[in-house]
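Engineer: Sharing a structure below in structure tokens format, with a few things to ask.
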Amino acid sequence: MSAAPLVGYSSSGSEDESEDGMRTRPGDGSHRRGQSPLPRQRFPVPDSVLNMFPGTEEGPEDDSTKHGGRVRTFPHERGNWATHIYVPYEAKEEFLDLLDVLLPHAQTYVPRLVRMEAFHLSLSQSVVLRHHWILPFVQALKARMTSFHRFFFTANQVKIYTNQEKTRTFIGLEVTSGHAQFLDLVSEVDRVMEEFNLTTFYQDPSFHLSLAWCVGDARLQLEGQCLQELQAIVDGFEDAEVLLRVHTEQVRCKSGNKFFSMPLK
């Protein structure tokens, strides 16, 4: 994301291969010399075969109306899987109580803001992996994560972000302690990215938990007075110091509809 920029399918021609497999062989009796061959007839594939590998190569449709107006950073293509590495955050009831105060206040400035469905801290940009590279990629990532110990971080600084294209705006809580440990994690993630010739992370990342988002660039409405008021809410929230100190226990990789967890020591 910028302001502090955010640091989240093509298959082979199976029809041609199936047609090749239906070609007649010399002398197999399929048609006599001098007669025209019978027209090829393609038989329907049984449902039991069609449903053997649900979701293996398919991804979501590129219809922004089905996901709140969000626009894909890169177009969907069969066989390509959008992949993202991050530290998950399991929101507790007290955290959601804080969000129940923050979001309505922010919506007085930007009514179209909506709450995030899940919470995390990104360790990579969203990249594209071919399906057959997913497992080797995850194995390389796991090997890089084995030496890392669990650690605590604090995220209590309200900050406004946009994605690189400035098509979405986010309200986030920036990490104020634990930044060095996140940089160490990103360093290892970047090495795996380089091995697979993928885009590495941002040079000067702002690690954060995104709380809410909206379509478009809403920085003018949210920065300034609104940002100061949101920060005052966080600073004055009961037990915020304890609530926003988080124990990092695992790194997670999401590739298409698959999730891979890598516990820290």
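All you need for my numbering is the position in the sequence shown, starting with 1, plus 1025. All residues carry an ideal CB built from backbone N, CA and C; glycine is no exception.
#1: Looking at E1263: is its Cβ nearer than 7 Å to the Cβ of R1175?
#2: Count Cβ pairs between the segment 1158 to 1167 and the segment 1214 to 1222 that sit closer than 8 Å; are there 3 or more?
#3: Flag this pair as touching only if the segment 1234 to 1244 and the segment 1127 to 1139 have three or more C-beta atom pairs under 8 Å; answer yes or no.
#4: Only counting the same chain, and skipping five residues up and downstream in sequence, which positions put a Cβ closer than 7 Å to that of S1280?
#5: For A1180, list the residues DSSP reports as bridge partners.
#6: Report the residue from L1121, L1127, M1170 and V1259 whose alpha carbon sits nearest the alpha carbon of Y1111.
#7: In three-state terms, what does DSSP make of L1148?
#8: Quick one: which unbroken alpha helix (DSSP H) runs of 4-plus residues sit fully inside the segment 1250 to 1284? Chain order, please.
#9: So is K1184 buried or exposed if we call it buried at 16+ other beta carbons inside 10 Å?
#10: Is there at least one non-hydrogen atom of the ligand ADP closer than 6 Å to the beta-carbon of V1183?
#11: Using a Cβ-Cβ cut-off of 7 Å (strictly less than) and excluding sequence neighbours within five positions of R1270, which residues of its own chain qualify?
#12: Ends of the beta strand (DSSP E) at L1234?
#13: What is the DSSP secondary structure of L1223, reduced to helix, strand or coil?
#14: I want to see whether chain B comes within less than 7 Å of G1249, judged by CB atoms only; does it?
#15: Take the Cβ of Q1228 as the centre, count every other Cβ of all protein chains shown within 10 Å, and call the residue buried at 16 or more, exposed below.
#16: Quick one: using the 10 Å Cβ neighbour count with 16 as the cut-off for buried, is G1197 buried or exposed?
#17: Please classify D1206 as buried or exposed, where buried requires at least 16 neighbouring CB atoms within 10 angstroms.
#18: Do V1217 and L1166 have their C-beta atoms closer together than 7 Å?
#19: Can you tell me whether R1057 is buried or exposed? The criterion is at least 16 other CB atoms within 10 Å of its CB, across all chains shown.
#20: Within 10 angstroms of the Cβ of N1076, are there 16 or more other Cβ atoms? Answer buried if so, exposed if not.
#21: Among the candidates A1131, H1204, D1125 and P1113, whose CA atom is the shortest distance from the CA of E1248?
#22: What residues are listed by DSSP as bridge partners for M1170?
#23: Give me the Cα-Cα distance between T1187 and A1168, rounded to the nearest whole angstrom.
#24: Thinking C-beta only, is Q1182 closer than 7 Å to T1201?
#25: Which residues does DSSP pair with P1288 in a beta bridge?
#26: Since A1107 is in the beta strand (DSSP E), which residue starts that stretch and which ends it?
Structural biologist: The short version:
#1: Along the sequence shown, read from residue 1 onward, the residue named residue 1263 stands at position 238. Along the sequence shown, read from residue 1 onward, the residue named residue 1175 stands at position 150. No, Cβ-Cβ distance for E1263 and R1175 is not below 7 Å.
#2: yes
#3: Touching, per the Cβ criterion.
#4: The residue labelled residue 1280 in the question sits at position 255 within the sequence shown. These residues qualify, in order along the chain: W1106, T1108, L1154 and I1159.
#5: Looking up residue 1180 in the sequence shown gives position 155. Paired residues: V1200.
#6: One-based indexing of the sequence shown puts residue 1111 at position 86. The candidate whose alpha carbon is nearest that of Y1111 is M1170.
#7: Taking the first residue of the sequence shown as position 1, residue 1148 is located at position 123. L1148 falls in the coil class under three-state DSSP.
#8: 1250 to 1261 and 1265 to 1268
#9: Here residue 1184 corresponds to residue number 159 of the sequence shown, with the count starting at 1. K1184 should be labelled buried.
#10: With respect to small molecules bound, the structure shown includes none, and the ligand ADP cannot be examined in it.
#11: Residue mapping note: residue 1270 aligns to position 245 of the sequence shown, counting from 1. Around R1270: F1177 and T1179.
#12: As a first step, residue 1234 is located in the sequence shown; it is residue number 209 there, counting from the start. From DSSP, the beta strand (DSSP E) with L1234 extends over H1233 to V1240.
#13: Position 198 of the sequence shown, counted from the start, is the residue given in the question as residue 1223. Coil, per DSSP.
#14: This model lacks chain B altogether; it includes just one protein chain.
#15: On the sequence shown, residue 1228 is found 203 positions in, with the first residue counted as 1. Answer is exposed; the Cβ neighbour count stays below 16.
#16: What you label residue 1197 is simply residue 172 of the sequence shown in a count that begins at 1. Buried is the call here.
#17: Here residue 1206 corresponds to residue number 181 of the sequence shown, with the count starting at 1. With the sequence shown as reference, residue 1206 is identified as Gln, and Asp is not the correct amino acid for it. Buried is the call here.
#18: The residue labelled residue 1217 in the question sits at position 192 within the sequence shown. The residue labelled residue 1166 in the question sits at position 141 within the sequence shown. Yes, Cβ-Cβ distance for V1217 and L1166 is below 7 Å.
#19: For this step, residue 1057 is matched to residue 32 along the sequence shown. Any reading at R1057 must be qualified, since the residue scores a pLDDT of 41, below 50, and its modelled position is unreliable; the value itself is stated next. Classification for R1057: exposed.
#20: To locate residue 1076, count along the sequence shown from 1; it is residue 51. Residue placement at N1076 cannot be trusted, given a pLDDT of 45 that sits under 50; what the coordinates show is reported in the next sentence. Label assigned to N1076: exposed.
#21: In the sequence shown, residue 1248 corresponds to position 223, counting from 1. When only C-alpha atoms are compared, the closest one is A1131.
#22: Counted from its first residue, the sequence shown places residue 1170 at position 145. Answer is none; M1170 lacks a bridge partner.
#23: As a working note, residue 1187 is residue 162 in the sequence shown. As a working note, residue 1168 is residue 143 in the sequence shown. Computed Cα separation, rounded: 32 Å.
#24: Taking the sequence shown and counting its residues from 1, the one referred to as residue 1201 is at position 176. Taking the sequence shown and counting its residues from 1, the one referred to as residue 1182 is at position 157. In contact: T1201 and Q1182 (Cβ atoms closer than 7 Å).
#25: Taking the first residue of the sequence shown as position 1, residue 1288 is located at position 263. In the DSSP output, where bridge partners are listed per residue, P1288 has Q1275.
#26: Against the sequence shown, residue 1107 aligns to sequence position 82. Its beta strand (DSSP E) spans residues N1105 to Y1114.
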